[in-house]
Amino acid sequence: MEKDADGFYHPAPAAAPTDEPKPEAKPEDEEKADSSAKTPNTELINSNFEVSVTLADQQADSSSPLYSVKTFEELGLHKDLLKGIYDMGFSKPSKIQERALPLLLSNPPSNMIGQSQSGTGKTAAFVLTMLSRVDFNLNKPQALCLAPSRELARQIMSVINVMGKFTPVQTEYAIKDNLPRNTTKITAQIIVGTPGTMIDLVRRRVIDTSDMRVFVLDEADNMLDQDGLGDQTIRVKNSLPKSQVQILLFSATFPDHVRAFASKFAPNANKIELQREELSVDNIRQFYMDCRDEEHKYDILVALYTLLTIGQSIIFCQHRHTADRISARMKAEGHHVASLHGAKDATERDQIIDRFREGKEKVLITTNVIARGIDIMQVNMVVNYDLPLMNERSNSRADDVQPDVETYIHRIGRTGRFGRKGISVNFVHDRKTWQQMQQIEEQTGKKIMRIETNDIDVMEEKMRKAMK
Ligand SMILES: Nc1ncnc2c1ncn2[C@@H]1O[C@H](COP(=O)(O)OP(=O)(O)OP(=O)(O)O)[C@@H](O)[C@H]1O
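The opening residue of the sequence shown carries number 1 in full-length UniProt numbering; numbering runs sequentially from there.
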């Protein structure tokens with residue numbers, strides 16, 4: 001593969017991904033699903049994704065009707081919780097919920113490791129479990145939920161508050177700059193937060209863990225990874241009573257290097273998972289655009305601006321300074337964009353994500369900080385301005401840096417929520433990024449199609465077609 005006359009890197013002809021998006025079989029209710037961001041796509045509820053269930057109790061019969069439910073009523077939930085579920089507009093459990101909920105809610109409580117694609121209803125499953133396990137008459141912490149970012153913790157909290165709105169549940173955050181410094185005791189039943197703040201509150205005994213019943217790790221692979229938040233998460237777990245706590249690990253991805261540890265962390269867990277190839281959903285159409293160099297990436301992003309604002313879009317950069325730099329430049333050129341990353345202070349982060357969630361901002365330029373879990377239905381485009389990369393180790397040659405396939409799957413999963421359509425675009429600009437994209441393609445088993453960038457009008461037309 002060499003640079004051509006236009007300065008682009010192209011694949012060898014035999015391996016060339018086709019220019020034209022493949023026609024896709026339209027799900028029957030596609031039009032309906034697209035017509036309103038509020039109408040869930042029943043494709044996901046009816047989908048044939050193979051959900052594999054491994055029961056911790058080998059004697060149990062996984063084909064028993066007890067292990068799969070078609071309605072929320074069958075779960076024997078309290079009527080106030082059922083009301084909350086229906087109030088959210090959920091009529092039936094999703095595929096993963098069908099299998100997960102009976103196991104999550106059965107007694108005695110058992111641990112679970114649940115893996116299914118982004119946007120398939122994992123959050124609702126573990127929130128329902130927390131809400132149905134706590135005793136509302138006891139004013140003590142009984143469920144802890146950890147997430148890797150404050151944005152995700154706040155989102156999970158909003159699901160708890162909506163689903164639990166007909167119950168007397170009390171909730172509290174364990175996120176930075178939220179609790180008054182002189183707080184001595186949290187009496188709320190469910191606490192959601194990030195690991196650093198949570199361990200701090202546990203250590204200072206602001207959170208008494210003696211009555212804990214449920215411990216949830218959302219984005220669990222990231223939370224257990226030693227390169228990530230592993231240490232702090234383990235410390236939180238070690239503060240919990242040794243028995244009685246139901247441990248729930250959920251993520252769209254569980255790479256091999258955390259899989260074994262996850263099984264130790266949540267011993268005897270029931271496991272629900274999908275094949276890796278099925279993890280990036282088919283309703284997200286993936287493209288790449290080849291750019292001549294870094295500067296050309298910026299030009300292409302600007303050329304895409306109109307398309308980015310048709311719905312909402314998220315632009316992912318590898319570094320905070322890139323997010324700041326391109327957003328400042330775009331703003332100076334009169335475009336309306338927002339940027340969000342971990343170096344901004346808590347209040348600003350909250351304001352930015354809230355404005356984006358409310359649709360007041362249409363384009364969000366960010367880093368991996370919101371690659372996971374963030375659920376905003378109107379996001380119909382994700383741009384990987386920089387491909388996600390594994391931690392660049394100081395001693396590794398630039399050429400050796402591997403793509404971070406898990407993060408890629410999570411990033412593109414910010415669109416195509418709950419079976420809706422979405423598109424993702426990767427910018428490649430040299431041999432190295434091209435190879436990294438090929439590795440992503442190989443490892444996810446999903447084709448990434450090329451979109452020409454030579455002629456902006458043609459590019460725009462192709463994108464518009466793909467977005468329909
Ligand atoms: N049974 C249901 N019926 C209708 N909508 C649902 C149902 N379950 C979940 N949803 C909606 O689908 C969207 C995605 O769900 P959720 O955020 O739970 O996905 P997730 O699997 O946790 O995603 P991620 O892996 O990205 O964290 C949410 O907006 C949620 O409200």
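A virtual CB, placed ideally from N, CA and C, is assigned to each residue, including glycine.
Values in this document were obtained by computation on a predicted structure and should not be read as measured data.
- Setting aside the 5 residues that flank it on each side, Pro93 is surrounded in the same chain by Ile45, Val69, Lys70, Thr71, Phe72, Leu101, Gly121, each with a C-beta closer than 8 Å to its C-beta; the list follows chain order.
- In this structure, Lys362 places its C-beta atom within 8 Å of the C-beta atom of Ser313.
- Short note on Asp375: C-beta closer than 7 Å to some heavy atom of ligand 1.
- For Gly193, the enclosing beta strand (DSSP E) covers residues 190 to 193.
- In the structure shown, Gln155 adopts helical secondary structure according to DSSP, grouped into three states.
- When Cβ pairs closer than 8 Å are counted between the two stretches, the segment 405 to 418 is seen not to touch the segment 237 to 248, the count staying below three.
- Ranking Arg285, Glu333, Ile284 by CA distance to the CA of Tyr298 puts Glu333 first.
- Counting only residues of its own chain and dropping the five nearest sequence neighbours on each side, Gln189 has a CB closer than 8 Å to the CB of Val134, Asp135, Phe136, Leu138, Asn139, Lys140, Pro141, Gln142, Ala143, Val169, Gln170, Thr171.
- The C-beta distance from Asn454 to Phe427 rounds to 15 Å, too long to meet the 8 Å contact threshold.
- The beta carbon of Lys344 lies closer than 8 Å to those of Ile352 in the same chain, with the five residues before and after it left out.
- An exposed status is given to Glu358, since fewer than 16 other beta-carbon atoms sit within 10 Å of its beta-carbon.
- By a beta-carbon distance limit of 8 Å, Asp375 does not contact Arg411. Their separation comes to about 14 Å.
- Under the three-pair Cβ rule at 8 Å, the segment 212 to 227 counts as touching the segment 145 to 153.
- For the set Val369, Arg349, Asp218, Gly419, the Cα lying nearest the Cα of Met377 is the one of Gly419.
- Nearest neighbour of Ala252 by Cα position, chosen from Gly114, Glu452, Ala262, turns out to be Gly114.
- In the three-state reduction of the DSSP assignment, Ala346 falls in the helix class, which pools H, G and I.
- For the options Asn178, Arg329, Gly196, Phe287, the alpha carbon positioned closest to that of Ala346 is the one of Asn178.
- When secondary structure is reduced to three states using DSSP, Glu452 falls in the coil class, being assigned neither helix nor strand.
- For Gly422, the enclosing beta strand (DSSP E) covers residues 422 to 428.
- Listed in chain order, the non-local C-beta contacts of His78 below 8 Å within the same chain comprise Ser132, Thr167, local neighbours out to five positions each way being set aside.
- According to the DSSP assignment, Leu105 belongs to the alpha helix (DSSP H) that extends over 95 to 105.
- Ligand 1 never approaches Ala262 closely enough for any of its heavy atoms to be under 7 Å from the residue's Cβ.
- Not a single heavy atom of ligand 1 lies less than 7 Å from the C-beta of Pro148.
- Secondary structure at Met88: coil, using DSSP grouped into helix, strand and coil.
- Within the segment 246 to 318, complete alpha helix (DSSP H) segments of at least 4 residues are found at 256 to 265, 294 to 303, 305 to 308, given in chain order.
- Taken through DSSP and simplified to helix, strand or coil, Asn380 comes out as strand.
- The Cβ atoms of Gln286 and Ile456 do not sit closer than 8 Å to each other.
- Comparing alpha carbon positions, the residue from Lys176, Thr129, Ala124, Glu98 closest to Ser110 is Thr129.
- Straight-line measurement puts the Cα of Leu104 at about 19 Å from the Cα of Ile191.
- Judged by DSSP in its simplified three-state form, Tyr408 adopts helix.
- When the beta-carbon positions are compared, Asp354 and Ser339 stay at least 8 Å from each other.
- Note that the segment 432 to 451 does not touch the segment 299 to 311; fewer than 3 beta-carbon pairs, one per stretch, sit closer than 8 Å.
- One thing to note: Ala174 has its Cβ within 8 Å of the Cβ of Leu201.
- Residue environment for Asp400: exposed (fewer than 16 other C-beta atoms within 10 angstroms of its C-beta).
- With contacts defined by Cβ atoms closer than 8 Å, Val425 and Met289 form a contacting pair.
- For Ala124, the distance from the CB to the nearest heavy atom of ligand 1 is below 7 Å.
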